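Protein chains in written order, with the working numbering: chain A, 3 to 252; chain B, 3 to 252. C-beta atoms are modelled at their ideal positions from N, C-alpha and C, and glycine is treated no differently. Since the model is a prediction, treat every value here as computed from it, not as a measurement. To keep things clear, I will list the structure first and then write my remarks on it.
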DNA sequence: GTAGAGAATTGGTCTAACCATTCGGGAGAC
DNA sequence: GTCTCCCGAATGGTTAGACCAATTCTCTAC
């Protein structure tokens, strides 16, 4: 009963529908005809080219947008974002909500990633990546009375460490997991108790990386994340019951 | 005639359009009214409920599907997948193609994740997770003349190790990164030279975890991935120029 | 030369229909 | 009574044409 359908196989294969749009864009990317910052052809043009209707094109583009591959701006066009490689936090947020990831589990995954990143950063010793980290540490010490600002520097410090590891894949993963934590932390950071101690821990991490001491960098990062996990648990218990990992869209 | 913009604005806010669909589903999940395995309401019903047209609903559902949150089957309905938490490889594949991740970078990220996972698996020593690993090792020794089958066991062994770490977040990350590697490896594994040595390395990793020796587990996993990276480089150089990281859809 | 208004471009949405697949229930055969 | 087969309802997939909204470009007026 498995009679084949139309054999009009074009260059994109026989796939029909929204899936075809994704394949087409993937092909353009592989061929180097689409790079970060570029604009895709208008929807109407794509529709004509792929011989499908515009809503079908739009379905495919929505899927690409959800994967973070494209961004659409009404009136302007659909673009491939430039900037560093970035995995959206959406998928992980949904998984967290669906499967009830605990705070400890998320922190544990984060520790694996960030301890590794801290070690790599220390080993590699890319000197031009030191200043961004140092600046964020300074920012923390300067904002100990403004928890939200402090948290911002905190986020950026960890991102800077991941960047100093010099591996874009690792950086994207760190950002994806971190964003889960920070989305949640933003609501409770006002209750934080020991911002000064936190700032000093970050400083020690920085110093270990600066001194190109991977062992110490790993240790300090590991200890820091353990303490941060407990601190967050404490903040949340003060705040009462929170909705489980929100499905934040960032 | 609804003069007013629908004032039914529930807790979903006043967001209009496809975004609203995503928020709505996210809300249902947070409230526990949608769990893995469940079926979503039919599109026509959602459209009526959210006061938007069906194409808009469909756009949102396509976005959710791209994030791996839902799966649609024509004639049956739209479902939330059951099974373990899973991050699709699509987003990472696109990032790889767009930013030209090198093989070494991907392996490096993989090493951070899997060395951590191996260590955790050994520390935790969940005895009921040992058998799956052992079975895959056996499968490798049994399929040294069939590279594709060998590769399958290889994939599943690494997944089993990540599962033995007992952290679903880490498991999802490992699978996402691994799938990038394996998608690529599938094309060159026929040229593999030392499947026996590879099988024995996997066996040593298993033994270290079984013996609850985290240090050795980490070491063995690290060494294995380094060798695997070089092996794959060798296979690819034999195969000539390959298209850069394909945007595989899995 | 510059600033503003208008036109063209482009993504966002709607309505209304038809197609393709799946699944369940009822009719018929045994 | 049980089983099998088929048909129709339910549901996702696609199409078509139209209109709205935001952006961008261009051309005019000063």
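Query: Collapsed DSSP secondary structure at residue 147 of chain B in the structure displayed; Result: coil
Query: Cβ of residue 1 of chain B within 9 Å of any chain A Cβ; Result: Nothing can be reported for residue 1 of chain B, as the shown portion of chain B is limited to 3 through 252.
Query: Completely contained alpha helix (DSSP H) runs for the segment 38-68 of chain B, where each covers 4 or more residues; Result: 45-52 and 56-68
Query: Contact set for residue 197 of chain A: own chain, Cβ-Cβ below 6 Å, skip 5 residues either direction; Result: 146 and 152
Query: Burial state of residue 162 of chain A (16 or more Cβ within 10 Å); Result: buried
Query: Rounded separation between residue 237 of chain A and residue 188 of chain A - CA only; Result: 11 Å
Query: For residue 142 of chain A and residue 155 of chain A, believed in contact at Cβ under 8 Å, the rounded distance; Result: 5 Å
Query: Of the residues A:111, A:184 and A:92, the one placed nearest residue 255 of chain A, counting alpha carbons only; Result: Residue 255 of chain A falls outside the range modelled here, since chain A spans only 3 to 252, and no answer is possible.
Query: Integer-rounded CB distance, given that residue 88 of chain A should sit under 8 Å from residue 174 of chain A; Result: 6 Å
Query: Span separating the alpha-carbon of residue 12 of chain A from that of residue 180 of chain A; Result: Caution applies to residue 12 of chain A, whose pLDDT of 38 falls short of 50 and renders its modelled position unreliable; the value that the coordinates give is listed next. Their backbone Cα atoms lie some 43 Å apart in a straight line.
Query: For residue 94 of chain B and residue 182 of chain B, believed in contact at Cβ under 8 Å, the rounded distance; Result: 6 Å
Query: Those runs of the alpha helix (DSSP H) which lie wholly inside the segment 140-195 of chain B and span at least 4 residues; Result: 149-166 and 170-187
Query: Beta-carbon proximity of residue 109 of chain B to residue 230 of chain B, cut-off 9 Å; Result: yes
Query: Buried or exposed by the 16-neighbour rule on C-beta atoms within 10 Å, applied to residue 255 of chain B; Result: Nothing in the structure corresponds to residue 255 of chain B, since chain B is present only between 3 and 252.
Query: Beta-bridge pairing of residue 73 of chain B - partner residues as DSSP gives them; Result: B:81
Query: Of the residues A:52, A:211 and A:101, the one placed nearest residue 127 of chain A, counting alpha carbons only; Result: A:211
Query: Contact between the segment 70-80 of chain B and the segment 199-208 of chain B (3+ Cβ pairs under 8 Å); Result: no
Query: Residues, ordered as in the chain, of the segment 55-85 of chain B that lie near chain A by beta-carbon distance below 8 Å; Result: 57, 60, 61, 62, 64, 65, 66, 67, 68, 69, 70, 71 and 82
Query: Burial state of residue 35 of chain B, where buried means 16 or more other Cβ atoms lie within 10 Å; Result: exposed
Query: Residue 62 of chain A beta carbon less than 9 Å from that of residue 20 of chain A; Result: yes
Query: Exposure label - residue 232 of chain A; buried when at least 16 CB within 10 Å; Result: exposed
Query: Beta carbon proximity, residue 110 of chain A to chain B, threshold 9 Å; Result: yes
Query: Contact check, residue 131 of chain B vs residue 166 of chain B, beta carbons under 9 Å; Result: yes
Query: Local Cβ density within 10 Å of residue 22 of chain B, reported as buried at 16 or more and exposed below that; Result: buried
Query: Neighbouring residues, chain A, relative to residue 123 of chain B (Cβ below 9 Å); Result: Within chain A, no residue comes near residue 123 of chain B; the closest Cβ sits about 12 Å away, beyond 9 Å.
Query: Residue 103 of chain A - DSSP class collapsed to helix/strand/coil; Result: coil
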